[in-house]
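Note that the sequence shown covers residues 1 to 372 in full-length UniProt numbering. Glycine included, C-beta positions come from ideal geometry on N, C-alpha and C. Source: prediction; values computed, not measured.
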Amino acid sequence: MMILIVDDKSENLIALSKTLESRGFQIDTAISGEEALKKVLKHPYDLIILDVQMPGMDGFEVAEAIGGYSKTADIPIIFLSAVNVSKEFITKGYASGGRDYLVKPFDTDILVLKIKTFIKLNQVQQSLQTEIEQRKLAESKKDEFISIASHELNTPLTSVKGYLQLAENSLGKQRLDQTKIFLERSKKQVDKLNHLVADLLDTTKIASGKIKFNYQHFELEPFMQNAIESIRHSYPGKQITTTGVSLSGISLLGDENRLEQVMLNYLSNAIKYAPDSNEVTVDVQLLPDKHLQVSVIDQGIGISHERQLQLFEKFYRVEENANRFQGLGMGLYICAEIIKRHQGTYGVQSETGKGSTFYFKIPINPVMADLN
Ligand code: ADP
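Structure below.
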């Protein structure tokens, strides 16, 4: 802890410095108010002990100037005075921003106690201020999230309402073929809503540590086929190619549904963020260290290097593309949590405009005791 002592008499400076140094404080000194002001702007002092009577700027003026700079306004000041002990002076001392007013001769032990208390109070105040700032950020992010989430939920809901109305009309006209089409369309929108709500629930479960996993041995080949088929079904125009090794006869200990969620997320992102390409490749490798590595490769818009690190964070969306593509930024965050819980790792390789490869790597036989 660094303390600045300001006094125009060098013998006072030396005596007080020695006393406080012997109590473990680091001390700097200034021989005038002007010198003190220069020093406080350069060094982050924890406390200032200020003589009241000085030629040039007196202690009160120095305190007022220190209180005027935002950088130094919070440094606690203790006034020391030999003569001005009247109530009027003491009041002036507090008014100019001092925390305490001591009259010489003073008890060194009491001064040390006061210094420690003021420094501690100041630290508490600063950490509270940081906390308040952080919460105000978090708060505005939350507001932004609620507004995006309401919009995302509202869009499919409005479509469902519209399609149901159309279905009702065509039913009135006995046009059952049309009714069926409108009901199919509204079902798709309900699926979308279902997905969004499930993701929201997963996100809150992760935050509260309540997401549950159901670990069992399952066959990898049908697992992979199901995930790819399900995406082919949802996006019939897209071509999904598989490369790598055969998974025939290989089983993995994990939560099949949750891992399918990761596959579907990677695959649907590969389609969503590649509006001008029809091709997605799924590459599967079995690594010598008995890990399954799955890479989903697209030829889409890609992601710049500086954005790649944040992709798997909660609610993170690449700003430049946020208006062009709808989403809440929860998918990859949930994937990251699922992969971590399977003792795995994940990542992305990408270049803007050239496409992306999202991969994950998980052990085929994880350490049972570590699964939770
Ligand atoms: P969402 O798609 O709802 O925004 P995700 O968590 O799935 O949420 O993805 C986070 C962000 O990562 C997306 O907003 C997007 O900017 C970026 N991203 C994800 N996958 C891809 C991809 N295959 N190509 C380009 N950008 C991607």
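- If you look at residue 2, you'll find it in the beta strand (DSSP E) that goes 2 to 6.
- Taking a contact as a CB-CB distance under 8 Å, the pair residue 317 and residue 327 counts as one, their CB atoms being some 6 Å apart.
- Leaving aside the five residues that flank residue 19 on each side, the residues in its chain whose CB is nearer than 7 Å to its CB run, in chain order, 108.
- It is roughly 43 Å from the alpha-carbon of residue 224 to the alpha-carbon of residue 135.
- Cβ-Cβ separation between residue 78 and residue 98: approximately 7 Å, consistent with a contact (criterion under 8 Å).
- Inclusion of residue 295 and residue 352 in the CB contact set at 7 Å is not warranted, their separation being larger than that value.
- Bounds of any beta strand (DSSP E) do not take in residue 72, whose DSSP letter is neither H nor E.
- Under DSSP, residue 286 forms a beta bridge with 292.
- At a Cβ-Cβ threshold of 7 Å, residue 8 and residue 57 do not count as neighbours.
- When DSSP states are grouped into helix, strand and coil, residue 351 belongs to the strand group.
- For residue 301, the Cβ falls inside the 6 Å cut-off from some heavy atom of the ligand ADP.
- Rounded to whole angstroms, residue 105 and residue 82 show a C-alpha spacing of 7 Å.
- Between the ligand ADP and the CB of residue 194, the shortest heavy atom gap is not smaller than 6 Å.
- Taking a contact to require three or more Cβ pairs closer than 8 Å, the region 111 to 128 and the region 59 to 79 qualify as touching.
- Between residue 164 and residue 186, the alpha-carbon positions lie close to 7 Å from each other.
- Taken through DSSP and simplified to helix, strand or coil, residue 125 comes out as helix.
- Per the C-alpha coordinates, the member of 306, 330, 331 positioned closest to residue 320 is 306.
- Residue 223 sits in a helix when the DSSP states are folded into three classes.
- Counting along the chain, residue 198 sits inside the alpha helix (DSSP H) bounded by residues 176 to 207.
- The alpha-carbon of residue 286 is positioned some 14 Å away from that of residue 345.
- Between the ligand ADP and the CB of residue 317, the shortest heavy atom gap is smaller than 6 Å.
- In the DSSP assignment, residue 101 falls within the unbroken beta strand (DSSP E) covering 100 to 103.
- Within the chosen limit of 6 Å, the ligand ADP reaches the beta carbon of residue 270 through at least one heavy atom.
- Apart from the 5 residues on each side of it in sequence, residue 241 sits with its Cβ closer than 8 Å to the Cβ of 279, 280, 281, 282 in its chain, given in chain order.
- Taken from the Cβ of residue 215, every heavy atom of the ligand ADP lies 6 Å or farther away.
- Between residue 336 and residue 358, the C-beta spacing is not below 7 Å.
- Excluding sequence positions up to five before and after residue 263, its CB lies within less than 6 Å of the CB of 227, all in the same chain and listed in chain order.
- In the structure shown, residue 322 adopts coil according to DSSP, grouped into three states.
- Following the DSSP letters along the chain, one finds residue 332 inside the alpha helix (DSSP H) bounded by residues 331 to 341.
- In the structure shown, residue 162 falls within a helical segment according to DSSP collapsed to helix, strand and coil.
- DSSP places residue 280 in the strand class (E or B) of the three-state scheme.
- Apart from the 5 residues on each side of it in sequence, residue 347 sits with its Cβ closer than 7 Å to the Cβ of 359 in its chain, given in chain order.
- Cβ-Cβ separation between residue 152 and residue 196: approximately 6 Å, consistent with a contact (criterion under 8 Å).
- Assignment of beta-bridge partners to residue 346 by DSSP yields 360.
- Beta-bridge analysis with DSSP links residue 217 to 253.
- Relative to the ligand ADP, residue 356 has its C-beta within less than 6 Å of a heavy atom.
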